[in-house]
Amino acid sequence: MKKFILVMVSALLIALFIAFNYLLWDRESKLAEIRNLESVNASYSASVSVHKREINTLEEEVKSLNNQITQYRDEIDKLLQERDQAISDRLQEEATLKAKVDFINVLKEHTDIQVLSRPVVLWAEAVNNGSFDEAFDIEYEGVPPRERTVSLSTYVEQMKATVERIEINEIKVDRLRGYGTGDIYLNVRFSVRLVEDADISSSRFSDGENEMYVKLDYSKDKKAFIISSMNIY
214 MKKFILVMVS ALLIALFIAF NYLLWDRESK LAEIRNLESV NASYSASVSV
264 HKREINTLEE EVKSLNNQIT QYRDEIDKLL QERDQAISDR LQEEATLKAK
314 VDFINVLKEH TDIQVLSRPV VLWAEAVNNG SFDEAFDIEY EGVPPRERTV
364 SLSTYVEQMK ATVERIEINE IKVDRLRGYG TGDIYLNVRF SVRLVEDADI
414 SSSRFSDGEN EMYVKLDYSK DKKAFIISSM NIY
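Numbering (the numbering used here), first residue to last: 214 to 446.
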């Protein structure tokens, strides 16, 4: 939104500067005409009254142009102030975001991995207990319903038909992924035992060791970390 405001303000400034320069040029042209007419008036006294009327008319036009120039100057000053304020606001937002990202990166370095890994552990336990509804809720808790790539019924059907057990081998913070945005990612290594004669083509997992990265968000309502995406390598 700030970028849009800057673009609109800049466009208005350009238009105003063009109009402003035109008015300055027009005023100088009128002043030049006045000087020429005054010169002619001195040489041709017979046309004094006519020239005076013309001069008066031109002087009124110059006065009107001066008023317009003053108005445009005021508008230009106002737009320049709005542009400067928009730039200041944008810089402040960028500084705030950078401070937030830096804080989260420090937080990732010092937060207990057991706290961060809890939703992944709960997901694996739900799968092992055959509570696929619960596993679905844990895996997609941080995903808006309209953005979920699979329905609950399909998820339960696929998991029940393919996965017998999941064992978490290692969970660690991914220090590179999400560093520039302040997002928290976990690198998870886990072993999967598939159902005998499972249709591998319909399974997200391979029999044996698997690896995935999990993106976490923090739920203020639950005061805990939740899964917002889970991607199998």
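The C-beta atom is built at its ideal place from N, Cα and C for all residues, glycine as well.
Reducing DSSP to helix, strand and coil, say where residue i ends up.
i, result
"VAL427", "strand"
"SER414", "helix"
"ASN279", "helix"
"SER344", "coil"
"LYS243", "helix"
"SER364", "coil"
"GLU377", "strand"
"GLU422", "strand"
"VAL386", "strand"
"VAL333", "helix"
"TYR446", "coil"
"TYR398", "strand"
"VAL328", "helix"
"VAL405", "strand"
Between the C-alpha atoms of residue i and residue j, what's the straight-line distance to the nearest angstrom?
i, j, result
"LEU236", "ARG303", "34 angstroms"
"GLN281", "SER223", "21 angstroms"
"LEU429", "SER419", "24 angstroms"
"LYS435", "MET372", "27 angstroms"
"GLU272", "ASP239", "13 angstroms"
"ASP325", "SER364", "33 angstroms"
"VAL340", "GLU352", "11 angstroms"
"SER277", "ASP297", "30 angstroms"
"PHE438", "ILE384", "15 angstroms"
"ALA348", "ARG402", "18 angstroms"
"THR375", "SER366", "14 angstroms"
"GLU246", "VAL263", "14 angstroms"
"ILE268", "GLU295", "40 angstroms"
What whole-angstrom Cβ distance do residue i and residue j have, given they're in contact under 8 angstroms?
i, j, result
"VAL427", "TYR398", "7 angstroms"
"GLU424", "TYR446", "4 angstroms"
Leaving out the 5 sequence neighbours to the left and right, which residues in its chain are closer than 8 angstroms to residue i when beta-carbon positions are compared?
i, result
"ASP350", "none"
"VAL333", "ILE381, ILE384, LEU399, VAL401, VAL427, ILE440"
Might you give, ordered along the chain, the residues of its own chain that have their beta carbon closer than 7 angstroms to the beta carbon of residue i, omitting 5 neighbours on each side?
i, result
"THR390", "Note on residue identity: the sequence assigns Arg, not Thr, to residue 390. Here the set comprises TYR398, TYR426."
"ARG378", "ASN341, ARG406"
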